[in-house]
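Under the working numbering, think of the first position of the sequence shown as -16, with each following residue one higher. Read the structure below first, then the notes.
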Amino acid sequence: MGNRRTLKHRIERSSAASVRSWERPSAPMAKKMKSDAILHLGWGRLVFAHTFENQRDIAELLQHEKAGERDVAFYVRDPHVVLSFAPQELFLDPSHTYRIWLTQYRSGRARPKGIVIRRLHAKSDIDGINRIYAARQMVLADEDYLWAHSRSRVLMYIVAEDTETGAIVGTAAGVDHTLFFHDPENGSSLWSLAVDAQAPHPGVGEALTRFLAEHYLALGRSYMDLSVMHDNAQAMQLYEKIGFKRVPVFCMKHKNPFNEPLYVSPAPEENMNPYAEIIVREARRRGIAVEILDAANAYFVLSFGGRSIVCRESLTELTSAITMSWCDNKQVTLRLLSNHGLKVPEQLAAGEGDERAAFLKKHRRVVVKPVRGEQGQGISVGITTQAELDKAVRRAKQFCDQVIIEKMVKGKDLRIIVIANKVVAAAIRKPPTIVGSGQHTVKDLITKLSRRRTAATGGESRIPMDDETKRCVAEGGYAMDTVLPSGKKLAVRKAANLHTGGTIHDVTDELHPDLAKAAERAARVLNIPVVGLDFIVPKVDGADYVIIEANERPGLANHEPQPTAERFIDLLFPQSC
């Protein structure tokens, strides 16, 4: 207890003797502080602007930002002055700064089960960090730099590791100001907080933030700062819950292509979904003219070199009406593919009860689908009883009068994107799975996961509280109002469709050549320029498969960082490459 009192007294005494970062320190304090402090974080330089005497030097530093990096000037006391030196090249970052005084920090609830927070201990950790950065459209970190500084006391990268899979599901970096530039405030800061949008565990971001706060508290630091975009309401709510408060600290950055969305206002008519935005963004990057026809329904026209093409997300005029009608009808799709030697599961039109019963008896486990439909609507997976089958058929008929029953094939749900008859991306799709906390009901956990999936996908993914979800929960041995035991995993849907809460995990580099060949052959059979083909496979690096669907308007944004939008624009306007 005595040690804790001593630590608290030391922090309070240091805080009382310090100034605030947005105030100019006294001459004796400034003399102790390292001047012109610049720290490389692996993806760019962190410029501690309040350590600079000459404001022009800050502007010149930002103007000499290296290509492919992203510099940040933090604690800029006179942003209007710095901006005046290079108004065409610099901009005031639209972010807020939050600070927590560590004497006021209070530990939160128990850490999430299923993850461990730790420092880097292998180069593969950096691969995991960059995978998350790429998915979050952040600048990738230099692997060699991070590894060389993995034991640094000034710059500390931490990761959240899934204890079951070993995957990196979150990361953050901490900077010790006192060790680096003899900060008179005795401070620290948090940078590059990023969480895998596919992570099943709640509270990863909070666990990373608290880990760093407690680390710097143990070192006797007075505060920890962080910067967050002004419109990131979810993150700000988290920080305020932990105890952070807004402070008047400003950031400045260099105008570069990566930062462009921060200083160039979007066209006022643009409010399209992520699947249209990724294409429009790539088209504009290449100088292709974009005309929005209907933002709500994602219709737009791309024009270049005297040629114009109407698009609805990834569907274009290049896809014929016949091809579109083939993909729209799941029976026709599989029949065509089967006729050309591609493997598909056995199907039955859901007719009379006797036929259904015989089909169920033969295959024991089946899938029920509307013949037409998208986004997983009306699909029931893993039906095993006649009562469930009849109910699933009735449910499917709410979306389409024609219903099919299909043999359920065990395996992984694999989506392959083919553009111009070449595989561009492949991803495993997993059904939404909740992880028990020992405190929350199944319904509460579904609601929380659905909220995270919605935030991570721009509103495109959510878990419906319908009969299919209730059926899957009951099949797992639970009710919606049951408190799920801590650490227990429960799949709450059987279908892995993103729009009903599923997650997508890139496996492009692991794809077996035979699967790629089957996908490219299917695209040629359907005569379709852009298609998402749904496979069921025992393993991604094996040759066995069945094809279950073809989507004529696949969501290209779901496969970042694979170059789906780039290959799409290559197809439409090859001269723009």
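Even for Gly, the Cβ is constructed at its ideal location relative to N, Cα and C. Predicted, not measured: the structure shown is a model, and the values here were computed from it.
- Message: Within 8 Å, do at least three Cβ pairs link the region 253 to 273 to the region 283 to 300?
- Response: Segments in contact, yes.
- Backbone CA spacing between Val508 and Leu319 [nearest angstrom]: Straight-line Cα distance between these residues: approximately 7 Å.
- For Glu389, the nearest candidate out of Phe287, Ile530, His47 and Glu126 (CA to CA): Nearest C-alpha to Glu389: Ile530.
- Same chain, Cβ closer than 7 Å to Leu221, five either side skipped, listed in chain order: If we look at Leu221 and ignore the five residues flanking it on each side, its Cβ neighbours are Gly188 and Glu189.
- Query: So, are the CB atoms of Leu129 and Gly25 less than 7 Å apart?
  - Reply: Their beta carbons are under 7 Å apart, which means Leu129 touches Gly25 by this criterion.
- Query: Name the DSSP bridge partner or partners of Leu319?
  - Reply: The beta-bridge partner set that DSSP reports for Leu319 is empty.
- Task: Compare the C-alpha of Ala403 against each of Lys426, Gly394, Met391 and Ala505 and name the closest.
- Result: Residue Ala505 holds the alpha-carbon nearest to the alpha-carbon of Ala403 among Lys426, Gly394, Met391 and Ala505.
- Item | Neighbourhood of Lys431 by C-beta, 7 Å cutoff - its chain only, sequence neighbours within 5 removed | Excluding positions up to five away in sequence, the list reads Pro185.
- Query: Run through DSSP, which three-state label would Ile41 get?
  - Reply: In the structure shown, Ile41 falls within a helical segment according to DSSP collapsed to helix, strand and coil.
- Message: Please report the straight-line C-alpha distance between Asp539 and Ala118, rounded to a whole angstrom.
- Response: Note on residue identity: the sequence assigns Leu, not Asp, to residue 539. For Leu539 and Ala118, the distance between alpha carbons rounds to 13 Å.
- Secondary structure of His47, DSSP reduced to three states: DSSP places His47 in coil when its eight states are reduced to three.
- Query: Going straight from the alpha carbon of Gly203 to that of Pro468, what length do you get?
  - Reply: Distance between the alpha carbons of Gly203 and Pro468 is about 37 Å.
- Item | Reference Ala502, options Val520, Ile487 and Leu473, closest by Cα | Measuring from the Cα of Ala502, the nearest candidate turns out to be Val520.
- Is it the case that the Cβ atoms of Tyr199 and Ser171 are separated by a distance below 7 Å? Going by C-beta atoms, Tyr199 is nearer than 7 Å to Ser171.
- Determine the DSSP secondary structure at Glu532, reduced to helix, strand or coil. The answer is strand: DSSP assigns Glu532 an E or B state.
- Message: Considering only DSSP beta bridges, list what Arg28 is partnered with.
- Response: When DSSP reads this structure, Arg28 sits in a beta bridge with His23.
- How far does the beta strand (DSSP E) with Ala340 in it reach, from first residue to last? It is not in any beta strand (DSSP E) - Ala340 instead sits in the alpha helix (DSSP H) that spans Gly336 to His346.
- Going by other Cβ atoms of all chains shown within 10 Å of its Cβ, with 16 needed for buried, is Glu274 buried or exposed? With fewer than 16 other Cβ atoms within 10 Å, it is exposed.
- Give the straight-line distance between the Cα atoms of Asn510 and Ser291, rounded to the nearest whole angstrom. Straight-line Cα distance between these residues: approximately 21 Å.
- Query: Any chance the region 423 to 443 sits against the region 551 to 559, with 3 or more Cβ pairs inside 8 Å?
  - Reply: Below 8 Å, too few C-beta pairs join the region 423 to 443 and the region 551 to 559 to call them touching: fewer than three.
- Quick one: is Cys310 buried, meaning 16 or more other Cβ sit within 10 Å of its Cβ, or exposed? Buried, since its Cβ has 16 or more Cβ neighbours within 10 Å.
- Query: Buried or exposed: which applies to Thr367, given that a residue is buried once 16 or more other Cβ atoms fall within 10 Å of its Cβ?
  - Reply: Result: exposed.
- DSSP state of Ile262 mapped onto helix, strand, coil: The answer is helix: DSSP assigns Ile262 an H, G or I state.
- Can you tell me the Cα-Cα spacing of Pro546 and Ala408, whole angstroms? Each residue's alpha carbon lies about 8 Å from the other.
- For Thr416, which beta-bridge partners are listed by DSSP? Bridge partners of Thr416: Ala474.
- Query: Would the beta-carbon of Met16 fall within 7 Å of that of Phe164?
  - Reply: Contact annotation: Met16 and Phe164 have beta-carbon atoms nearer than 7 Å.
- Task: Have a look at Phe342 and Lys374 and give me their C-alpha separation to the nearest angstrom.
- Result: For Phe342 and Lys374, the distance between alpha carbons rounds to 16 Å.
- Task: Compute the Euclidean distance between the alpha carbons of Val178 and Gly153, then round it to the nearest angstrom.
- Result: Rounded to whole angstroms, Val178 to Gly153 spans 4 Å at the Cα level.
- When we look at the beta-carbon of Cys294 and count the other beta-carbons within 10 Å, is it buried (16 or more) or exposed? Burial call: buried.
- Can you tell which of Pro183, Leu29 and Phe68 has the C-alpha that lies nearest to the C-alpha of Pro415? Nearest of Pro183, Leu29 and Phe68 to Pro415, Cα basis: Pro183.
- Message: Does Cys234 pass the burial test, meaning 16 or more other C-beta atoms within 10 Å, or should it be called exposed?
- Response: Classification for Cys234: buried.
- Message: Can you give me the C-alpha to C-alpha distance between Glu535 and Thr146, rounded to a whole angstrom?
- Response: Linking Glu535 to Thr146 through their CA atoms gives a straight-line distance of about 38 Å.
- Query: Can you find at least 3 beta carbon pairs, one from the region 60 to 80 and one from the region 107 to 127, that sit closer than 8 Å?
  - Reply: Flag = no, the region 60 to 80 and the region 107 to 127 do not touch.
- Item | Bridge partner(s) assigned by DSSP for Arg102 | Paired residue(s): Ile141.
- Task: Mind checking who Arg398 pairs with in its DSSP beta bridge?
- Result: Per DSSP, Ala410 and Asp517.
- Task: Give me the Cα-Cα distance between Ser78 and Arg347, rounded to the nearest whole angstrom.
- Result: Each residue's alpha carbon lies about 56 Å from the other.
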